[in-house]
Amino acid sequence: MYSPYSSNGRYGRIHEQQDTAYPESPGPAYGFQRPVEHTRTRTNSDFENPFDNSNATPIELGSFSPETSRFNPQSSLLKNPSIAESAKSRPFSTSTKKSAVNPKVWPTKPRRLRPLSVGSVILGIIDVIGAVAPVLFLALAIVAKKLDGQPILDEHGQMTTLGRRAIQASTLGPTIFPILFAAIAGTALKMVARLLAERGAKLGVLETLVTSRTLFGVVQNQFLMNHVTLIGCLLLVLWAFSPLGGQASLRILAFDYRLDNSTTPVVYMPTGPQGWPAENFTKLDVTTENIMPITYPLYGSTMAAPMKIKTSSQDEWFNVKIPRQEVVMNSTADSQGWRNVPSYPLAVQDYATLSGIPMGRFPLGQNTTSVFSIEYSYTDLNCTNRTFFPPGDQRWADMVGFPYDNSFVGLNASTVFQGSGNAELNRTSFWVTFDSRQFDKKDFGKNIFATPRTLIFGSEIAAHADTPNEMEEGYDGVVVRNCTMQQVYLEAMVNCTADNCAVRAMRPSLQFAKEDPNVVLYHFFGYFFSTMFPSVLNPLSQVNATQDLFLRGADMPFNTQESLESLPLMWSVDDETFSKRLGVSINTYAQIRTSPYPLIQGVPPPNDQQWANGSSSIWPSSVSEDPGRPARWTTANTTTTVAIFACQPAWFGVLLVSSLVLLSLSVANALLKLTITAPDVMGYVSSLTYDNPFVPLPPGGSVLDAPERSRALYDLRVRIGDVQPESEVGRIAFAAADNEGGVVGKLRRERLYY
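In this text, residue positions in the sequence shown follow full-length UniProt numbering: the first is 1, and each later residue adds one.
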């Protein structure tokens, strides 16, 4: 019979040598066999069939007696005839085909255990990598703790480099950690099993360690062993770290927000009689004359602004607009008197003016809000006593275009102004005038501000439905209204973001609570106001029908598509609506008239050199300024919402413990590998070929680890089957499937087996 180690084989003749032989049992290994040691001379003929034990001395099979701890031949299993019969019957050849064994791997002579080789070096490198890998997860936990509370974005608006890499690593954790844990923990359990097997241990313990290389394997083993063990419970806890560690690496870093609070100064334009004597607010000097050409277009631009801007919280120059005080009266006041402003947009007449308050402040970044309060003042009108004068009544007709000569007192005044100069040139669609208190102190006593000041408004365009058709075209009589004027002082809470500012709450001013509301801006200013305001939108023709359209209810008076028939006549506009709309118009003009440059250019920011040079004016330094326009200052509470990394404490602890467990297992693998001497035979199919009489192999090979043995026997066909298919009772074994002369029968459910 051919053998690769015979004298005619591939490796030539092997010299004779002395060794110790242990004859194999001729029967099945169901009993214990006591080997008989003897010394003989091995010849080359032995290698031709090294598994032929026909000349071996039969050994009586017996059993091991626990009571005596000795081999008991009286309890031999050979007393069972069927077993004895099967032991004598071995229709199985002991020859293996040449191609079944790889001679490059199979040892041809004795050697030491675990020799140094290329494979062992590669495995050592893999072990080092496996030992370093858990450190990376520890590093992830440390980095996450370091990133805790730090901003996500840098000054360029990009995610920080460390944060980006930590996020990328955490996303890979749920995939890498369980794989790494399975590799390291599974290897560690097998190494422990090898160590215990080398030193002697219970088979059940070894079976539990070897089969519990996954979480499911632990649970399955406990059921198969038919009882729960402490080792199984501990292994269950161990494998629980695998999914927990993966999830912890993913969830350890979260995004959160941090509020950074600071205070910054804000400078803004004063309004009303704030910072100077109200009655002597401004005079028609050179500076005043210079600002009139810019006042007209600014006022026209404000009145012609799109509807979206008119109703929004800011004007077209992004200045914040202040609502009227009545807007918040239906809101509930808090403990400090603040009442919330209803949601924007508001109606046009709900604003004190259509032009906002210019202010200088530091620019805000994204996710930054600034809250501050400003003092504001506007003139409130209460128009009553509507009176219609038909076209035949020339008293009021002659006054149109000739307002205020410092002698007009009220509606019942007997003075009639006949006009002078070119009446058509001076003619306007409406007129305003004021009672003259400073020039007629005898009519008001010593306290000229004891009662509210009066404004007289008259209009002749679309005045009344009863105007006769035969009258002159465009002349419909005159509607006169008597309006009392009072100054309103309020404090507005402004909320600003990077791209918007809006008043969120208001309350009566505490700083100006003692100011007399009857003191308004209209004395000298009133003279110029009554002279110029009626013609502000069309100063050349002096016919101001556009203003009339606004006062009658047209929010877009320049919109020619708006039907005039839908607007009420001047007489039909109710007093409340007229008071609000005339107040919006007058306050808008007055606010633009007093400070047109800051409106469009803005107020210099708090850190501007203008303030450092000692200037207190809101006017640009290039413009000649009147004394008495000092800027007002306030303090803003700025809150920046900063997106930050947040290290989750619970997941941090889980990842830290899981990584330490994984690192401990990795270190244990390295130490156990240095400690264990026995070959690695745990958990491999090739381990079933060790000293298996049904898998005839060349001598040697026991020194091989199971992976090496698998490489050597890679082409060996094996089978779990019946190695005694011709006997009455079958015998199941792991056997070589293609032995010459050997038959391995298929297993059948109806057949009996030992």
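In this text, a Cβ means the ideal position worked out from N, Cα and C, and glycines have one as well. The model shown is predicted, which means the values in this text are computed figures rather than measured ones.
| Check | Outcome |
| --- | --- |
| Is it true that the CB of Asn221 sits closer than 9 Å to the CB of Val642? | no |
| Sorted by chain position, which residues of the same chain lie with C-beta nearer than 6 Å to Pro151's C-beta, five sequence neighbours on each side aside? | Val642 and Ile644 |
| Are there 16 or more other CB atoms within 10 angstroms of the CB of Gly392, so buried, or fewer, so exposed? | exposed |
| Quick one: what's Trp431 bridged to in DSSP? | Gly458 |
| By a C-beta neighbour count over all protein chains shown, 10 Å radius and 16 as the cutoff for buried, is Met269 buried or exposed? | buried |
| In this structure, how does DSSP classify Leu381 when only helix, strand and coil are distinguished? | strand |
| Does the distance from the CB of Val313 to the CB of Val503 come in under 9 Å? | Strictly speaking, residue 313 in this sequence is Ser, with Val absent from that position. Yes, the pair counts as a contact, with Cβ atoms nearer than the cut-off. |
| Name, in chain order, the residues that DSSP records as bridge partners for Trp633. | Val267 |
| Whose CA, out of Phe255, Phe652 and Asp516, lies closest to the CA of Met159? | Phe255 |
| Spatial neighbours of Tyr344 within its chain, please: CB distance less than 7 Å, with the 5 preceding and 5 following residues excluded, ordered by chain position. | Ser312, Ser313 and Ala502 |
| With C-beta atoms as the reference, is Phe558 less than 9 Å away from Thr546? | yes |
| Between Ser377 and the ligand ZN, is there a pair consisting of the residue's CB and a ligand heavy atom that are separated by less than 8 Å? | Among the components modelled here there is no ligand, and therefore nothing to report on the ligand ZN. |
| Less than 8 Å between the CB atoms is what I'm expecting for Thr634 and Phe372, so what's the real figure, rounded? | 5 Å |
| Is there contact between the segment 664 to 683 and the segment 713 to 731, where contact requires at least three CB pairs shorter than 8 Å? | no |
| What's the gap between the Cα of Asn637 and the Cα of Leu549? | 42 Å |
| Which residues mark the beginning and the end of the beta strand (DSSP E) in which Met307 is found? | Per DSSP, Met307 belongs to no beta strand (DSSP E); it is in the alpha helix (DSSP H), Met307 to Thr311. |
| Who are the Cβ neighbours of Val267 in its own chain at under 6 Å, not counting the five residues just before and after it? | Gly360, Val603, Pro606, Ala631 and Trp633 |
| Under a Cβ-count criterion, where at least 16 other Cβ atoms within 10 Å of its own Cβ denotes burial, should Tyr257 be classed as buried or exposed? | exposed |
| Specify, as a first and last residue, the run of the alpha helix (DSSP H) that Arg504 falls within. | Run containing Arg504: none in the alpha helix (DSSP H); it sits in the beta strand (DSSP E), Cys501 to Pro508. |
| Return yes when the Cβ of Leu123 is within less than 9 Å of the Cβ of Leu147, no when it is not. | no |
| Who are the near neighbours of residue 826 in its chain, counting only those whose CB is closer than 6 Å to its CB and skipping five residues on each side? | As shown, the chain starts at 1 and ends at 754. That puts residue 826 outside it, with no answer to give. |
| Please determine, among Pro534, Gln486 and Lys104, the residue with the shortest C-alpha to C-alpha distance to Trp431. | Pro534 |
| Excluding the 5 residues flanking Asn102 on each side, which residues of the same chain have their C-beta closer than 8 Å to its C-beta? | Arg711, Ala712, Leu713, Tyr714 and Asp715 |
| Identify every residue that forms a DSSP beta bridge with Ser373. | Met493 |
| May I ask you to list the residues that DSSP assigns as paired with Ala193? | According to DSSP, which records beta bridges pairwise, Ala193 is partnered with nothing at all. |
| Just reading off the alpha helix (DSSP H) that Phe318 is part of, what are its end residues? | Where Phe318 is concerned, there is no enclosing alpha helix (DSSP H), given that its DSSP letter is neither H nor E. |
| With Ser249 and Phe137 assumed to form a contact (beta carbons below 8 Å), what rounded beta-carbon distance in angstroms separates them? | 6 Å |
| Distance, Cα to Cα, Leu521 vs Gly272? | 7 Å |
| Would you call the segment 175 to 185 in contact with the segment 222 to 233, where contact means no fewer than 3 C-beta pairs closer than 8 Å? | no |
| Can you say whether Pro81 is buried or exposed, counting buried as having 16 or more other CB atoms within 10 angstroms of its CB? | In this predicted model, Pro81 has a pLDDT of only 39, less than 50, meaning its place in the structure is not dependable enough to derive any value. |
| So does the segment 381 to 391 actually touch the segment 646 to 661, counting three or more Cβ pairs closer than 8 Å? | no |
| Hey, Phe457 and Val478 are a contact pair by Cβ (cut 8 Å); roughly how many whole angstroms apart? | Not confirmed; about 10 Å, so no contact. |
| Suppose the cutoff is 8 Å on Cβ atoms and the five residues either side in sequence are ignored; what does the same chain contact list for Asn500 look like? | Ser313 and Gln314 |
| Ends of the beta strand (DSSP E) at Ile732? | Ile732 to Ala736 |
| Count the other CB atoms, across all protein chains shown, that sit within 10 Å of the CB of Ser459; report buried if there are 16 or more and exposed otherwise. | buried |
| Helix, strand or coil for Val743 per DSSP? | coil |
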